[in-house]
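Please read the structure below before turning to the comments.
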């Protein structure tokens, strides 16, 4: 569970955050050149959980990774930090209770859904922060058994490790968990209630999102993300500030040699996405698929 959280964390941000700006095109792989770069670098938009049958990378993607001097990711998916994760996702304060974030009828509904659909007793998670329930719900939305779920980010990181390509990270696990800690627990609980009440609709949206990623359709993926009403008050915190903070890191790494950036696909799009921000820096950013 804790290992899976490291894969799904960025996906939660992409699914829940709203974007603004123009869609970018039907490619998930983008070449970055110009500004004195001797060799182009690449941006690649990922999904963080898919069925193994849907996991494949076109040759241009694997070639871009193979030719990179450094791979860049949101967080380190290869490190074994179970104890650290545990300390971050549970609230051990004496007065904290996950159950108390819900009114009685909502908690009963959510508890019944988890028991009936996931065979999970949420009373066992009473010290967990609410995004743990969101994580379990999003796992359910992947249309295959848990044994058949794959993490494209981890697969790419494994390829890089096997090819002895160093991996750089933009953020730490602690900083990503801190994003969720910035959102009031009550607000997250309300999101969980809405998700459970309309689970069939959200399941269909998740399947459509995965299909758009499989078809390399950044435009459609972008449109699906911006339709989400949840966390509209947190889009700057969850997405825009992070994109802006990553650009200087990307710029510094590209000067040293070609890099391969693999981040949630929603971070690429919009007028505050990585594509637009790098273009504003004077780089040429164009589809590579």
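In mature numbering (1 follows the signal peptide of the UniProt record, and there is no 0), the protein residues as written are -25 to -1, 1 to 264. Glycine included, C-beta positions come from ideal geometry on N, C-alpha and C.
Is it right to say residue i is buried, meaning 16 or more other beta carbons lie within 10 angstroms of its own, or is it exposed?
i           : result
residue 137 : exposed
residue 68  : exposed
residue -4  : With a pLDDT of only 43 at residue -4, under the threshold of 50, the placement of this residue in the model should not be trusted; the figure read from the coordinates follows. Under this definition residue -4 is an exposed residue.
residue 16  : buried
residue 10  : exposed
residue 2   : buried
residue 210 : buried
DSSP three-state label for residue i, please.
i           : result
residue 4   : strand
residue 234 : strand
residue 14  : coil
residue 251 : helix
residue 263 : coil
residue 117 : coil
residue 22  : coil
residue 153 : helix
residue 46  : strand
residue 147 : coil
residue 140 : coil
residue 174 : helix
residue 132 : helix
residue -4  : Because residue -4 sits at a pLDDT of 43, beneath the cut-off of 50, its placement in the model cannot be relied upon, and the point is left open.
residue 220 : helix
residue 53  : coil
residue 194 : helix
Tell me whether the beta-carbon of residue i lies closer than 7 angstroms to the beta-carbon of residue j.
i           : j           : result
residue 116 : residue 29  : no
residue 171 : residue 85  : yes
residue 82  : residue 89  : no
residue 249 : residue 12  : no
residue 284 : residue 145 : There is no way to answer for residue 284, as the model of the chain reaches only from -25 to 264.
residue 53  : residue 127 : no
residue 235 : residue 164 : no
residue 45  : residue 228 : yes
residue 188 : residue 199 : no
residue 212 : residue 150 : no
Thinking C-alpha only, which one of the options is nearest residue i?
i           : options            : result
residue 103 : 73, 87, 244        : 73
residue 237 : 150, 97, 9, 36     : 36
residue 24  : 34, 176, 203, 113  : 113
residue 266 : 44, 123, 229, 110  : Any property of residue 266 remains undetermined from this structure, which presents the chain solely from -25 to 264.
residue 241 : 155, 217, 229, 93  : 217
residue 255 : 185, 262, 246      : 246
residue 208 : 191, 159, 188      : 159
residue 109 : 252, 199, 167, 5   : 167
residue 243 : 257, 202, 230, 192 : 192
residue 215 : 154, 131, 97, 98   : 154
Please name the residue or residues paired with residue i in a DSSP beta bridge.
i           : result
residue 103 : 65
residue 125 : 25
residue 9   : Partner(s): none; residue 9 has no beta bridge.
residue 239 : 21
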